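Using our numbering, the first residue of the sequence shown is number 32, and each one after it goes up by one. Take a look at the structure below.
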Amino acid sequence: AEPGHEGLPDAERALTPRGIERTMMAARGLARYIDRPQVILTSPKTRAVQTAAIVGDVLDLVPQRLEALAAETPEPIAAALRERAEDEVLLVGHEPSMSRLVERLCGAGAGGGFIELKKAGAVMLEAPLRRDEGAGRGVLHWLLPPRALRMLANAE
Numbered sequence: 032a033e034p035g036h037e038g039l040p041d042a043e044r045a046l047t048p049r050g051i052e053r054t055m056m057a058a059r060g061l062a063r064y065i066d067r068p069q070v071i072l073t074s075p076k077t078r079a080v081q082t083a084a085i086v087g088d089v090l091d092l093v094p095q096r097l098e099a100l101a102a103e104t105p106e107p108i109a110a111a112l113r114e115r116a117e118d119e120v121l122l123v124g125h126e127p128s129m130s131r132l133v134e135r136l137c138g139a140g141a142g143g144g145f146i147e148l149k150k151a152g153a154v155m156l157e158a159p160l161r162r163d164e165g166a167g168r169g170v171l172h173w174l175l176p177p178r179a180l181r182m183l184a185n186a187e
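Set out below in structure tokens:
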């Protein structure tokens, strides 16, 4: 992210050229590893919107803004996801709310702390979220740091 300064809220700080390049490589690696989701949902904050646009370009999807992804806690995010019809969703959000969301969906209590998502990292989680699905714990399938995603982008 660009350096912060007085008068520039953190939510408005943009990715640097290096950040854009590294995010593009991570997105290319992710695209080699996942099936195309039905939708990309992004926080309205600047860096998330930029990141989602990069991922969207690679996956040929136009991201949609979801205000709840700007929340500092996972509860509003989970509540907003319950209202969605899609089964395969790619989220672009912020720490620590994204890590806490994964932990909560996997059944961890408020203490959590076992997930650490790095900037431009990715996690694959299968969880019952919709209102018509029975309650259950999510299953964490994988967590890839951005370095691994960038390596996948360069793999033959």
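The C-beta atom is built at its ideal place from N, Cα and C for all residues, glycine as well. The structure displayed is predicted, hence computed values, not measured ones.
What are the boundary residues of the alpha helix (DSSP H) that residue i is part of?
{"i": "residue 106", "result": "105–113"}
{"i": "residue 134", "result": "128–136"}
{"i": "residue 58", "result": "48–64"}
{"i": "residue 181", "result": "177–185"}
Just the Cα atoms here: how many angstroms apart are residue i and residue j?
{"i": "residue 94", "j": "residue 109", "result": "18 angstroms"}
{"i": "residue 133", "j": "residue 117", "result": "18 angstroms"}
{"i": "residue 169", "j": "residue 135", "result": "8 angstroms"}
{"i": "residue 125", "j": "residue 131", "result": "10 angstroms"}
{"i": "residue 107", "j": "residue 89", "result": "28 angstroms"}
{"i": "residue 65", "j": "residue 37", "result": "40 angstroms"}
{"i": "residue 43", "j": "residue 80", "result": "10 angstroms"}
{"i": "residue 149", "j": "residue 122", "result": "14 angstroms"}
{"i": "residue 177", "j": "residue 183", "result": "10 angstroms"}
{"i": "residue 87", "j": "residue 75", "result": "15 angstroms"}
If contacts are defined as beta-carbon pairs under 8 angstroms, then residue i and residue j qualify, I think. What distance do you get, rounded to the angstrom?
{"i": "residue 54", "j": "residue 82", "result": "5 angstroms"}
{"i": "residue 46", "j": "residue 73", "result": "No, residue 46 and residue 73 are not in contact; Cβ-Cβ is about 13 angstroms, not under 8 angstroms."}
{"i": "residue 85", "j": "residue 102", "result": "The pair is not a contact, with the Cβ atoms about 22 angstroms apart (cut-off 8 angstroms)."}
{"i": "residue 114", "j": "residue 68", "result": "Between residue 68 and residue 114 the Cβ distance is about 17 angstroms, and since that is not below 8 angstroms, they are no contact."}
{"i": "residue 171", "j": "residue 153", "result": "Going by Cβ atoms, the distance from residue 171 to residue 153 rounds to 12 angstroms, so no, they are not a contact pair."}
{"i": "residue 145", "j": "residue 139", "result": "7 angstroms"}
Under the three-state reduction of DSSP, which class applies to residue i: helix, strand or coil?
{"i": "residue 96", "result": "strand"}
{"i": "residue 90", "result": "helix"}
{"i": "residue 148", "result": "coil"}
{"i": "residue 84", "result": "helix"}
{"i": "residue 43", "result": "helix"}
Using DSSP bridges, identify the partner residues of residue i.
{"i": "residue 157", "result": "170"}
{"i": "residue 71", "result": "121"}
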